[in-house]
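Inspection log for the structure reproduced underneath, given as structure tokens.
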Amino acid sequence: MNRITFALLFVSVALLSAQPPQRGQGGGRGGGGPRGAEPLVLDDHTGFEAIFDGTTLRGWDGDPAFWRAENGAIVGQSTEQNPVKQNTFIIWRGGEPKDFELKVEFRMNSTNSGVQIRSVQLPAGPDTGKWVMKGYQADIDFANQFTGQIYEERGRGFLAMRGQAVYVPDNGRPRVIGNLQQSADELKAIIRTNDWNQVHIVARGNTIIQILNGAVTSIVVDDDSKNRALGGLLGFQMHVGPPMKAEFRNIWLKKL
Numbered sequence: 347m348n349r350i351t352f353a354l355l356f357v358s359v360a361l362l363s364a365q366p367p368q369r370g371q372g373g374g375r376g377g378g379g380p381r382g383a384e385p386l387v388l389d390d391h392t393g394f395e396a397i398f399d400g401t402t403l404r405g406w407d408g409d410p411a412f413w414r415a416e417n418g419a420i421v422g423q424s425t426e427q428n429p430v431k432q433n434t435f436i437i438w439r440g441g442e443p444k445d446f447e448l449k450v451e452f453r454m455n456s457t458n459s460g461v462q463i464r465s466v467q468l469p470a471g472p473d474t475g476k477w478v479m480k481g482y483q484a485d486i487d488f489a490n491q492f493t494g495q496i497y498e499e500r501g502r503g504f505l506a507m508r509g510q511a512v513y514v515p516d517n518g519r520p521r522v523i524g525n526l527q528q529s530a531d532e533l534k535a536i537i538r539t540n541d542w543n544q545v546h547i548v549a550r551g552n553t554i555i556q557i558l559n560g561a562v563t564s565i566v567v568d569d570d571s572k573n574r575a576l577g578g579l580l581g582f583q584m585h586v587g588p589p590m591k592a593e594f595r596n597i598w599l600k601k602l
């Protein structure tokens, strides 16, 4: 990874992890001087487009046995009578964005889910159903053990745990190059169990930043030319396991 990439990464970590400056702090006469970066506004959708209409699954493709639109959300639900036998996904068919920001609110009541980005749909076969995805995932789980990390579904597995900035070298193993301002446990405390949370994903070039409820939770800089993806499909996951319900609403996309 070249010096410019390292510099950009650490500038990103510094800006996104820092607390907003307090009034009266800063250099210059009388507490004036340069202003710090403005804090992120969770509900600012300037330049974004809604990719879910709130009432139908138009533009989305998933197994109708599990996915539906209800009460302004995309809902994935399994039951004891209708279990998920392997991970299944609902896929956005509006394109394969490369550089973008994605904002999604999610809520779940059990087990595991995730937001897929820069992913591919695998061909249906004996071991895979029709709606199976491979690629980067903003991980979500009800116990909040994994929520906030960056994972690669059907790929390299765990890339950045919650609280980590990770660099993946070409043909090498991921390595932690820094920790974010808040620890994994401190970041876990901001997650609202069995309530709505917002994940904000920034994907630009070889860098992916995940922001949860306004706090940066994980960063990956991926120089693995064989395995990385610089664009691809978006989707949501239902995980194999006990009965579950995952809901996604207010889905906004901005192409960069």
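Per the numbering used here, the sequence shown starts with residue 347, numbered consecutively.
All C-beta atoms in this analysis are idealised placements derived from N, C-alpha and C, irrespective of residue type, glycine included.
In this text the structure is predicted, and so the values were computed from the model without any measurement.
- When Glu593, Ser465, Ile523, Asn525 are compared, the shortest CA-CA separation from Ala549 is found for Ser465.
- Between the alpha carbons of Gln432 and Glu447 lies a distance of about 29 Å.
- Within the same chain, Lys534, Ile537, Thr539 come within 8 Å of Asn490 by CB-CB distance, once the 5 residues on both sides are set aside.
- The DSSP-derived three-state label of Lys534 is helix.
- The Cβ atoms of Pro589 and Thr434 lie no closer than 7 Å to each other.
- If you look at Asp485, you'll find it in the beta strand (DSSP E) that goes 479-487.
- Rounded to the nearest angstrom, the gap between the Cα atoms of Gly481 and Ile463 is 7 Å.
- For Thr493, the number of other beta carbons within 10 angstroms of its own is at least 16, and it is reported as buried.
- Setting aside the 5 residues that flank it on each side, Val430 is surrounded in the same chain by Ser424, Met584, Val586, each with a C-beta closer than 6 Å to its C-beta; the list follows chain order.
- The C-alpha of Ala561 lies about 28 Å from the C-alpha of Asn573.
- For Gln556, the closest alpha carbon among the candidates Pro410, Gln495, Gly578 is that of Gln495.
- If you draw a straight line from the Cα of Phe452 to the Cα of Val545, it is about 8 Å long.
- Counting along the chain, the unbroken beta strand (DSSP E) around Gln510 starts and ends at 510-514.
- Ser564 places its beta carbon 7 Å or farther from that of Arg519.
- Note on geometry: alpha-carbon atoms of Asp570 and Gly501 lie some 12 Å from one another.
- In the DSSP assignment, Met454 falls within the beta strand (DSSP E) that extends over 446-454.
- Around the Cβ of Asn428, a 10 Å sphere holds fewer than 16 other Cβ atoms; the residue is exposed.
- Listed as beta-bridge partners of Trp542 by DSSP are no residues whatsoever.
- Counting the other Cβ atoms within 10 Å of the Cβ of Glu395 gives fewer than 16, which makes it exposed.
- Looking from the CA of Asn525, the closest CA among Pro515, Val566, Asn543 belongs to Val566.
- If the five residues before and after Leu558 are omitted, its C-beta is found closer than 6 Å to the C-beta atoms of Gly494, Val545, all from its own chain and listed in chain order.
- The closest CA to that of Asn417, considering only Phe398, Pro410, Asp409, is found on Phe398.
- Between Gly475 and Ile436, the C-beta gap is not smaller than 7 Å, which leaves the two residues out of contact.
- Here DSSP, grouped into helix, strand and coil, assigns Asn490 to coil.
- Burial is judged here by how many other beta carbons sit within 10 angstroms of a residue's own beta carbon; Asn455 has fewer than 16 and is exposed.
- Residue pairing from DSSP places Lys601 in a beta bridge opposite Phe446.
- Take the alpha-carbon of Lys449 and the one of Asp389: they are about 9 Å apart.
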